[in-house]
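Engineer: Have a look at the structure that comes next, please.
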Amino acid sequence: MEAAVWVIILPLLTAFFIGISKVYVKKIFVPLVISSAIIYLYLLILVINNSYPPNVYSVGAWRLIGINLMVDPFSGLFLLIIALLFLPVIIFSVKYIKSYKHEYFIFTYIMTAGIAGMVLTADLFNLYVFLEVSSLSSCALVALKKTNKGLEGAYKYLVMSTLGSFFILLATILTYYLTGTLNIAEISLEFNEIPFKIKSALMAFFVFGYVLKIGLIPLHFWLPDTYEDSPIPYNVLSSGLVMKSAVYALIKVLYIIFGIDFLDKSGLLQIGVFWGVITFIVAHLLAFQQSNLSRLLAYSSIAQIAYIMIGLFVGTEGGLIGGNFHILNHAIMKGTLFLVTAIFYYSLSAVNIEDIKGLAYKFPILSFTFVVASLAIVGLPPFNGFISKWLIVEAALESGFVYAAFFILVGTFLSLTYYLKVIITLYTKNDKEIVVEEPGLSLSLPTIFLGSLCIVFGVVPSLPLRLINKIPTFLLDNGEYIRVLLGG
Amino acid sequence: MNRINVISKKLYKIGLVVSLAIFLLFIFYDIHNLESNSKRYLSDHYISEGVQETGAINIVTSVLYDYRAFDTLGEATVLLTAAAILSFLVPITKDKMRGTPFTIIVSQTTQVFIPFLAILGMYLIFFGHLAPGGGFVGGVVIALIPILLTITYRVEFSEYKFKPDKKKVSEDIGAIGFVLIGLLGILTGSNFLANGQANVSLGDAGELISAGLIPYLNIMIGIKVGAGLAIIFNSLIKEK
Amino acid sequence: MQISYIAVIILFCLGIYTIISNKNIIKMVMGFTILESSLILLLILISYTPGGTAPILDRQYEIVVDPIPQALALTTIVIGGSVTAVMLAVTIKLYKRYRTLNVDKLRKLRG
Amino acid sequence: MITPGFLYFIGAILLLFPVYEKLKYMLSFLVTVAAIIITLHLIPGYSVQLDFLTFTLVPFKVDNINKLTGLIFAVGGLAAVIYSISMCSLSHLRLIFVFIGSALTAVFSGDLFTLYVAWELMTISSSFLIIMTSDVTKKTGYYYFLMHVAGGLSLLWGIFLQYSATGNFSLNNIEVGIPFFMIAIAIKLAFVGFHTWLPLAYSKAPFYVAVILSIYTTKVGVYVMSRLLSGINSLAYAGLISALFGIAMSLKQKRVLKLLCYSIIIQVGFMIIGISIGTTEGITGAIFHLVNHILYKTVLFMVVGVVIYTTGKDSFENLGIMGRKLPITSIATFVAFMGIAGVPFFNGYMSKSIIKEAIQDPILTLGLNVMSFGTCIIFLKFIYYAFFKNSDRKVDKKPPVSMQLGIGFLTVLMLLVGIHPFFLENLTNMHVDLHYFDKKHLLSGIQPFLWSIPIFILFKKYIVKNYERFLYFDIYLNMAKLFMTTGYHLSNYHDGKLNKYLLWATSTLIILLLLFMF
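Protein chains in written order, with the numbering used here: chain L, 9 to 496; chain R, 209 to 448; chain B, 3 to 113; chain X, 47 to 564.
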């Protein structure tokens with residue numbers, strides 16, 4: 009299982025080599041980036057294929073006294089998202105990014121490495137370190153354009169993510185103090201003897217720290233700010249991976265370390281579902297008010313994350329499947345929407361919704377992709393968003409969260425209001441002569457690829473569900489996970 | 209009305225912080241009352257077996273560069289990221305640092321200091337596995353050289369002596385070197401960043417050439433941290 | 003309970019208070035530094051064993067303090083330093099653009 | 047076995063390839079005709095099963111009722127496509143194909159899941175049809191889409207309740223969530239109170255789009271109602287009220303298309319009454335009425351379309367162009383009028399008689415007569431403007447052959463059904479034990495028509511008059527305003543002050559700690 013560690017170090021090495029190539033050999037830059045991305049794709053597929061049954065890779069061969077990487081279906085899903093998003097975004101960015109190209113790629117690769125590390129590691133402190141790697145580099149990407157808005161967004165992001173990290177660190181240190189170990193499985197075993205109150209306090213710190221990075225209301229404010237004036241291909245990775253990796257870490261910590269019984273007893277499941285409902289209602293209301301396209305999509309991201317949180321906090325098998333499927337789907341759908349937005353920005357620097365008026369007649373295929381992705385994200389059949397929302401609602405109903413299930417449907421309606429607004433603007437004829445820079449194939453092909461996945465996963469949901477169906481066993485029953493990690 | 213508003217806001221903030229403090233006090237008190245001293249088997253293992261397993265006398269170093277070397281890779285990456293952010297956020301135009309005129313004493317002392325700093329840094333890096341110190345500390349000391357140059361002779365001189373590009377490249381080389389040394393483990397049929405497990409000769413504990421790959425990892429981190437901190441400092445100072 | 007843990011709590015809450023009540027960006031960064039140092043202090047405290055020596059085993063010692071938190075503290079210092087450096091850089095940039103250090107004046111992004 | 051709905055989807059995909067003008071005609075013709083042939087040869091009882099996620103779905107199931115409905119949908123598809131093909135662009139044609147295909151899928155669906163998917167596909171395709179056709183329909187399309195998605199979500203919620211209670215997706219035995227099914231169907235049916243989208247969409251959209259929408263949208267609602275909610279007797283009165291509302295509104299309209307829209311609401315009232323009775327006869331009558339309604343209402347829409355095509359506007363005065371210059375159109379208008387008025391030997395008579403026969407309640411019988419009477423009055427106005435009022439409008443251009451073909455085809459079918467009512471029964475093996483042409487039925491059928499003529503002549507000046515619009519109140523717009531203002535206030539709270547945000551964050555932390563620790 010050497011590939012697991014390569015998933016983390018290959019992007020790191022690429023980033024370091026880009027740094028060197030910037031100074032000495034500028035010519036190899038594009039081939040280096042592309043070939044590394046392709047090899048990375050191959051590695052990811054290799055690891056995802058081996059994710060079931062889960063296996064453990066021990067860094068430094070120290071087994072339990074060192075740091076372990078563990079590939080299970082849950083992390084396999086996130087690697088799948090990286091596999092689906094990374095190569096298209098890299099191909100897209102090679103043409104799209106014009107200034108600070110090297111820095112952009114350095115940070116993107118480091119960010120991907122950080123996310124891969126977060127997803128694979130089975131060590132609490134290592135999780136924190138990789139969290140910092142990914143959030144610091146994504147903060148750099150927010151500030152990449154060096155505009156006023158970009159810098160302001162970066163500052164707000166930095167403040168928020170640092171605050172969150174400190175609480176996570178505090179909880180990590182206290183966990184070490186209580187258990188004397190940092191391995192997730194051992195912590196989980198030790199935690200059985202810890203009193204309820206202390207565990208709840210630790211959980212509160214973990215939840216607060218990670219939710220600050222996930223962005224549930226009212227901890228969401230930095231998120232639209234970071235999206236507004238950052239390079240748009242980064243937004244694809246941000247909404248698809250950076251936010252999701254925090255979701256991953258939170259779920260892993262909660263389900264593996266604390267265990268589903270404790271979550272149920274402490275009331276976190278109820279609170280989480282309620283929090284999710286509040287979040288998506290408010291986010292939809294706010295999204296309707298936006299005039300900036302990226303900001304609108306950011307608020308929509310918040311709402312979608314809330315759906316995911318509901319699915320994951322319902323605490324049943326169906327909920328976990330639905331929530332995880334929605335994680336994948338949201339990454340694809342939002343990726344498509346952002347890439348189309350990026351093409352509009354590239355072609356005629358369209359930022360606001362008004363600016364894209366009439367573009368449907370200039371870019372018929374891209375607009376169609378946009379329509380498909382937005383209908384999918386609204387949750388209309390026969391696209392992928394519908395299937396995952398269906399699963400979430402079904403799970404919520406099954407476990408008695410009737411209000412949540414009902415409000416998800418209401419939220420679907422609310423999200424249609426603003427997406428339809430954008431679509432109609434897109435299809436309104438514009439008399440103005442617009443000068444358009446043609447996006448080449450390297451821009452439109454990745455977009456269309458992601459857009460077509462919206463339809464494919466909607467019609468044949470069994471493709472990703474084959475992987476996702478295996479996730480709940482390892483989360484609902486943390487004994488299984490612990491057994492594998494401890495090598496028993 | 210406005211005044212009351214301000215005061216109540218302030219009181220609210222203080223209330224929040226005080227309640228947080230009470231919670232923390234409560235939690236710490238509870239934790240302290242638990243029997244937690246028995247939960248030290250991991251560190252006990254490091255202390256009792258660490259010297260044999262890694263060959264390093266300094267257990268902190270052996271934790272940093274062997275047991276938990278993957279963390280170190282992560283934090284090196286954080287540092288590299290920070291250096292990269294700072295170096296691209298600085299403007300292209302080179303503003304003069306507002307010169308503080310120093311007397312000759314300062315500049316002369318600096319000249320005397322620099323070799324000692326270099327020696328100290330080297331020592332800290334090379335003896336990282338034997339004595340307090342290590343790559344990070346040594347790197348910081350080495351980074352002091354360009355920092356001192358910057359403070360005393362202005363940024364132009366410092367950058368003339370240590371070219372920014374060179375610093376960036378050496379930072380990258382440090383990081384790459386760390387990963388490559390880690391890959392040695394894979395080449396020898398063991399795992400990434402394996403040291404003793406990969407049949408690297410650990411030598412006798414206490415010797416300079418011992419502890420397998422740890423000294424080399426220390427060197428790489430030293431290069432990286434030195435170059436990175438220099439970049440960070442110069443970038444911050446270059447801003448008008 | 004040792005008195006030094008109260009120092010950790012005080013530092014931590016001081017850091018939080020500095021962050022949420024100050025409008026000056028630099029002071030906010032200072033708040034983060036205070037927060038970070040409180041956590042480092044906590045790490046060192048939990049590694050401490052009464053009568054223990056530093057974990058450098060040039061000969062056999064009776065009691066040795068826990069080396070892991072010290073290693074973690076080193077990592078935390080580096081990460082915290084990096085974050086602080088980035089924050090300061092962004093602050094400098096922001097000051098150049100907005101000509102103010104008042105955080106409430108940074109209001110280009112809203113809604 | 048290929049299903050008719052699937053065939054239309056394939057047609058839509060085939061139309062993706064840029065084809066010659068001729069190929070477009072041929073392809074559409076082939077697909078539409080093949081759909082009719084396939085539907086004709088379906089055997090009741092045939093069904094297809096499909097495993098999807100954890101469910102076993104029945105995406106295709108044939109019985110007598112949906113075979114007939116599917117057949118008339120397919121026939122309507124042929125006529126409508128022929129009618130509109132010369133005007134609409136390739137992308138619109140594709141959307142039309144998807145729309146017809148999803149309507150056919152909905153009709154033949156054997157479980158709630160497939161029904162919902164087809165239902166939403168209909169919404170999506172028809173909304174985009176409205177949105178994309180012209181620049182004046184954007185807001186209409188927005189309204190239409192939102193209304194229909196609200197209906198669709200209501201259906202979905204009903205399905206969820208039903209599924210969690212019973213554990214299957216069966217179309218029969220709806221037990222839980224009936225109010226939600228009702229709302230969903232009411233929106234599709236343009237029931238009074240939920241009808242606001244219908245006049246708006248049909249009058250703003252281009253006429254060929256209105257023709258296609260009028261064939262399927264409300265009729266799918268009727269069909270689904272017959273499946274899910276048949277036999278709820280109280281709904282019959284609701285249908286009556288809806289129809290009376292439709293009569294009152296349609297008398298006041300200035301535009302012919304709007305008149306036709308409100309008349310749809312009246313006719314749907316007939317079907318609601320038939321379904322709510324719940325007996326086999328009632329449902330059969332409703333479905334037969336659906337068939338007849340599609341025939342004559344489509345023809346009327348097509349005729350108005352010809353008027354719009356030739357004169358550019360659908361005011362009542364412009365109807366005057368009919369007459370000798372447009373022979374096919376005029377004959378079709380006349381036949382459709384007789385059909386909708388329920389005059390014996392025309393097609394509406396047959397289904398109205400069946401419904402009347404099935405009713406036991408005297409109030410409903412009276413109501414039904416009033417409805418027929420009102421319909422006659424409304425369409426006498428139409429006929430008056432078309433044939434009796436002197437008009438100086440000139441026909442500038444002749445309608446294309448394809449339009450006339452579409453109208454002619456449906457007119458012939460109407461005459462066939464009217465003269466030989468057993469034709470429909472034989473086609474689907476649904477036999478109603480009724481002698482259409484005995485004295486009693488003939489009398490009761492012709493009465494409203496005969497009464498309406500003198501009354502129309504007497505009250506002509508009130509009926510043929512331009513009323514000002516006196517009432518315009520839309521509760522949905524007010525709800526939208528509430529939504530907007532709430533959002534506006536919320537977004538004002540996000541004023542970019544980091545200190546405020548940090549305060550929110552810290553408060554959240556304290557709340558979390560309080561929640562978890564106590």
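We put the CB at the ideal spot given by N, CA and C, even for glycine.
1) Could you tell me which of X/99, X/62, X/168 sits nearest to residue 388 of chain L, measuring between CA atoms?
2) Sort L/38, L/62, L/72 by Cα distance to residue 253 of chain R and report the nearest one.
3) So which residues on chain X does residue 228 of chain R lean against when the C-beta distance must stay under 8 Å?
4) Rounded to a whole number of angstroms, what is the C-alpha to C-alpha distance between residue 173 of chain L and residue 237 of chain X?
5) Quick check on this structure: which residue in X/192, X/519, X/103, X/255 has the alpha carbon closest to the alpha carbon of residue 355 of chain X?
6) Assign residue 36 of chain L to one of three DSSP states: helix, strand, or coil.
7) Starting from residue 570 of chain X and walking both ways along the beta strand (DSSP E), at which residues does that stretch end?
8) Cβ of residue 84 of chain X within 7 Å of Cβ of residue 337 of chain X?
9) Thinking residue 112 of chain X and residue 154 of chain X are a contact (beta carbons under 8 Å), I'd like their distance in whole angstroms, please.
10) When the Cα of residue 118 of chain L is compared with those of L/103, L/92, L/148, which residue comes out closest?
11) Using a Cβ cut-off of 7 Å (strictly closer), state whether residue 533 of chain X contacts chain L.
12) Decide if residue 363 of chain L is buried, meaning its Cβ has at least 16 other Cβ atoms within 10 Å, or exposed.
13) Measure how close the beta-carbons of residue 572 of chain X and residue 342 of chain X come, nearest whole angstrom, since I'm counting them as under 8 Å.
14) Within the chosen definition, does the segment 118-133 of chain L reach the segment 18-31 of chain L through at least 3 CB pairs nearer than 8 Å?
15) Return the bridge partner residues of residue 55 of chain B from the DSSP annotation.
16) Suppose the cutoff is 7 Å on Cβ atoms and the five residues either side in sequence are ignored; what does the same chain contact list for residue 304 of chain X look like?
17) What are the partner residues of residue 78 of chain L, as DSSP defines its beta bridges?
18) Over the uninterrupted beta strand (DSSP E) stretch that includes residue 105 of chain X, give me the two end residues.
19) Ignore the nearest five residues each way along the sequence and tell me which others in residue 164 of chain L's own chain have a CB closer than 6 Å to its CB.
20) Where residue 452 of chain L and residue 382 of chain R are concerned, what is the direct C-alpha to C-alpha distance, given to the nearest angstrom?
21) What do you get for residue 104 of chain B, buried or exposed, if any count of 16 or more other CB atoms within 10 angstroms of its CB means buried?
22) Mind checking residue 269 of chain L: buried by the 16 CB within 10 Å criterion, or exposed?
23) With a threshold of 7 Å on Cβ separation, who are the neighbours of residue 75 of chain B within its own chain once the five nearest residues in sequence on each side are excluded?
24) Which full runs of the beta strand (DSSP E) of 3+ residues lie inside the segment 232-294 of chain X, going along the chain?
25) DSSP state of residue 439 of chain L, grouped into three classes?
26) In the DSSP assignment, what are the bridge partners of residue 129 of chain L?
27) Under 7 Å, do residue 335 of chain L and residue 440 of chain L count as touching if we go by C-beta distance?
28) Cβ of residue 107 of chain L less than 7 Å from any chain R Cβ?
29) At 8 Å on the CB atoms, spell out the chain B contacts of residue 162 of chain L, in chain order.
30) When the Cα atoms are used, what is the spatial distance from residue 547 of chain X to residue 537 of chain X?
31) Where does residue 104 of chain B fall in DSSP's three states?
32) Let me check one thing: in DSSP terms, what residues is residue 361 of chain X bridge-paired to?
33) Have a look at L/28, L/79, L/217, L/290 and flag the residue whose alpha-carbon is nearest the alpha-carbon of residue 478 of chain L.
34) Identify every run of the alpha helix (DSSP H) within the segment 306-370 of chain X, keeping only runs that are complete inside it and at least 4 residues long; order them along the chain.
35) What does residue 111 of chain B touch in chain L if you count any residue whose Cβ is under 7 Å from its own?
36) Would DSSP call residue 218 of chain X helix, strand or coil?
Structural biologist: Reading off the structure:
1) X/168
2) L/72
3) 552, 555, 556, 559
4) 56 Å
5) X/255
6) coil
7) For residue 570 of chain X there is no data in the structure shown, the boundaries of chain X being 47 and 564.
8) no
9) 6 Å
10) L/148
11) yes
12) buried
13) Nothing about residue 572 of chain X can be read from this structure; chain X reaches only from 47 to 564.
14) yes
15) B/66
16) 245, 249
17) L/64
18) 101-107
19) 230, 233
20) 38 Å
21) exposed
22) exposed
23) 42, 45, 46
24) none
25) coil
26) L/77
27) no
28) no
29) 92
30) 13 Å
31) strand
32) X/301
33) L/79
34) 326-357
35) 157, 160, 161, 233, 236
36) coil
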